[in-house]
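Worksheet for the structure shown next.
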Amino acid sequence: MATPLRSVGKIETTEHGSMDLDNAGHPGLFREKDEGNEQQKEHGRSSEDHDHSSEINPSSSEQARKHQKRIPDDLKSWKALLTETIGLDKSFEVQVREMTFGNRRIAFLFLSVFTKDTSLTEIIKRLSYLEPDSLMDHDAMHTFLERYVPAVQIKKTTSFPQMIDEVLMGNTAFYVDGEPAALIIDAKAYPARTPEQPSLEKVVRGSQDGFTETLIVNVALIRRRLRDPNLRFEMHKVGRRTQTDVCIGYIDDIANTELVESIRDKIKAIDIDGIPLADKQLEEMTVKSGWSPFPLLRYTERPDVVAAQLLDGSVTVLVDTSPSAILLPTTYFDLVQHAEENRQNPFMGTYMRWVRYLGILASLFLMPLWFLYNERQFLRPEWLWFVGADQAGAIPLILQFIIAEIGVDLLRLAAVHTPAPLVTAMSLLSAILIGDIAVKTGLFINEVILYMAISAIGMFATPSYELGLANRIIRLGLLLSVFFFHEIGFVLLTTFVFLYLAFERSFNAPYLWPFLPFNATALRNIVLRRPISTNKKRLSLYRAKKNRKQPV
18 MATPLRSVGK IETTEHGSMD LDNAGHPGLF REKDEGNEQQ KEHGRSSEDH
68 DHSSEINPSS SEQARKHQKR IPDDLKSWKA LLTETIGLDK SFEVQVREMT
118 FGNRRIAFLF LSVFTKDTSL TEIIKRLSYL EPDSLMDHDA MHTFLERYVP
168 AVQIKKTTSF PQMIDEVLMG NTAFYVDGEP AALIIDAKAY PARTPEQPSL
218 EKVVRGSQDG FTETLIVNVA LIRRRLRDPN LRFEMHKVGR RTQTDVCIGY
268 IDDIANTELV ESIRDKIKAI DIDGIPLADK QLEEMTVKSG WSPFPLLRYT
318 ERPDVVAAQL LDGSVTVLVD TSPSAILLPT TYFDLVQHAE ENRQNPFMGT
368 YMRWVRYLGI LASLFLMPLW FLYNERQFLR PEWLWFVGAD QAGAIPLILQ
418 FIIAEIGVDL LRLAAVHTPA PLVTAMSLLS AILIGDIAVK TGLFINEVIL
468 YMAISAIGMF ATPSYELGLA NRIIRLGLLL SVFFFHEIGF VLLTTFVFLY
518 LAFERSFNAP YLWPFLPFNA TALRNIVLRR PISTNKKRLS LYRAKKNRKQ
568 PV
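Here the sequence shown is numbered in the working numbering, starting from 18 and rising by one per residue.
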């Protein structure tokens, strides 16, 4: 029978993210009881004694609570505590299967939405062969662990919060009446889709598998490409309530130790209810870029890209429920690289890289420069005699550009929210009919539609989706600066953006490296897609433990 709950005068987090709140009456998962056995009372007093120390080191407080909250040795008390904490008999997916094996009463605790039925059925089938006198010894839990439970991954715990954490992860808790412990059996099956080609990083040649929303699958895709015994994947949990799995991946004898520790410390320092939006919320809690439009992290959906970056000394962060990986540190020039360049020979890869760079520059400066030369024709070089508009149209040029920019954004949003069979028809209707009618009616001029289309193509050619959006904001800013301040505004805003990026850093790495600070060798690798046989050293940006990738 559940006993009354006692309020605590301050917030404390339990090991699995629940909260003991103040007198406002908000419920927490694990609270000390006013009444109960002496062990529970002693636990309540000890919790009060270390309240002040938990303010200094909350992580140590959570670990202490995790070990102090023991599993009851009575089945009825155990089920009553489950009703209070995890919602047994209230939440339909929380299931307890009670049976008798040997001469002991046992119970399986699991979430029906995560359980692999075949595994548990096989365990129950094997246990049903036990004779009544098979478990006469006092340590039945040890006997089950060592002899009778046919599971590959299994461990013993005496901590009730840890048991709940494991069950919420999808594992099954095996409880024996009379034993203050439980066996945690890995018999989970997450809902998952098969790996498919990433939608944002398609290649003509190369692997067609990409990350999925299941962390274990993503780690397997990387492990398949990197059979290095020094490859490490550290698991952490983020969020008091979501308890989201966050994995840090690196090659131990290559990655810089300070970089790994910095990333680990930032993730451990996160104190939030949860990150249901996965890696994006994790980014905002660790990088804290504020209102900067430029991405300070590189996202990728390709396991081969992650494997290649790990070999260079980079560190990756994987978040469960996200089909993308984070690569750290990153630079502006990392964000404009694409896997397709490395799937072609060096000559064609270099050509494709230059075409991409040209498209990105056009998406940034083509429209503002055309607008500047149209407004200030005395600045226009002789060989650009064709630049400019003979007719301005019924709407001022600056409004035409702004409306066109917003129109492209609306098209993109509409394409995302439109059912797949109707996307093509919607795009043709919007782009051709609306654009053509706008020009014929005199609202827009042809040059605005032309240069807007070229800029949009350059934005879509940017490999990093986040960088493409940031470049669009800079383009809008340049248009407005030209409108208000002409050439002075263009020069000042361009200089400001350049200086801003020069001082920006991603996990202590210069954002414009290798241009600033200048590194000729690395910059040559950015401009040219060099043959892999000539790339014998790792980039100095990562400060890798081992500098060489190939023998001299």
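C-beta atoms are modelled at their ideal positions from N, C-alpha and C, and glycine is treated no differently.
Residues that DSSP places opposite T333 in a beta bridge: G266 and L344
Neighbourhood of I239 by C-beta, 7 Å cutoff - its chain only, sequence neighbours within 5 removed: G266, P320, V323 and A324
For T117, three-class secondary structure by DSSP: strand
Proximity below 8 Å, CB of D226 to CB of P208: no
Option nearest K283 by Cα separation, candidates D91, L299 and P310: L299
Assumed close pair I292, T261 - CB separation to whole angstroms, cut-off 8 Å: Rounded, the Cβ-Cβ distance is 5 Å, consistent with contact.
Euclidean distance between Cα positions of K554 and K566: Counting only the Cα atoms, K566 lies some 5 Å from K554.
Residue of M158, G506 and D288 minimising C-alpha distance to R122: Among M158, G506 and D288, the Cα nearest to that of R122 is on M158.
Within 8 Å, strictly: CB atoms of L345 and V332: yes
S380 and N488 closer than 8 Å at C-beta: yes
C-alpha gap between T348 and L200, whole angstroms: 47 Å
Simplified DSSP assignment, three categories, for E318: coil
Reference P480; option with closest CA among N391, K285 and E357: E357
V169: CB within 7 Å of a non-hydrogen atom of the ligand PLP: Among the components modelled here there is no ligand, and therefore nothing to report on the ligand PLP.
Where F109 falls: helix, strand or coil (DSSP): Shown here, F109 sits in coil according to DSSP, grouped into three states, outside any helix or strand.
Span separating the alpha-carbon of S523 from that of M365: Separation of S523 and M365 (C-alpha to C-alpha, rounded to the nearest whole angstrom) is 31 Å.
Option nearest V263 by Cα separation, candidates N235, L460 and E483: Checked all of N235, L460 and E483; the closest Cα to V263 is N235.
Cβ shell of I543 (< 6 Å), same chain only, five flanking positions each side left out: F350
Close beta carbons around L126, own chain, < 6 Å, minus the five adjacent residues each side: Answer for L126: V113, V184 and A190, listed in chain order.
Buried versus exposed, by CB contacts within 10 Å (16 or more), M180: buried
Selected residue, minimal CA-CA separation from R210, among T231, V193 and S216: T231
Counted within 10 angstroms of its Cβ, other Cβ atoms place Y528 as buried (16 or more) or exposed: buried
Segment contact flag, the region 92 to 106 with the region 164 to 173, C-beta cutoff 8 Å, min 3 pairs: The region 92 to 106 is not in contact with the region 164 to 173.
The region 507 to 519 contacting the region 416 to 428, beta-carbon criterion three pairs below 8 Å: no
Candidates I490, L128, A97 and G119: closest to E110 by CA position: L128
Backbone CA spacing between M116 and A124 [nearest angstrom]: 6 Å
Contact under 8 Å by Cβ, F382 with L414: no
Sequence-distant residues of its chain with Cβ nearer than 6 Å to V372 (five each side left out): none
Proximity below 8 Å, CB of V508 to CB of M469: Contact flag unset, no.
Beta-carbon separation (whole angstroms), E392 vs V304, contact threshold 8 Å: No, E392 and V304 are not in contact; Cβ-Cβ is about 38 Å, not under 8 Å.
Length of the line joining the Cα atoms of S472 and F395: 25 Å
Supposed close pair T367, R546 - CB separation, criterion 8 Å: 5 Å
Inter-residue spacing [alpha-carbon to alpha-carbon] between I343 and A295: 11 Å
Length of the line joining the Cα atoms of D407 and I462: 9 Å
Same chain only: Cβ atoms within 7 Å of V193, ignoring 5 sequence neighbours per side: R121, I123, A157, M158 and F161
Contacts around F250, its chain only, beta-carbon distance under 6 Å, and the 5 residues preceding and following it disregarded: V236, C264 and G266
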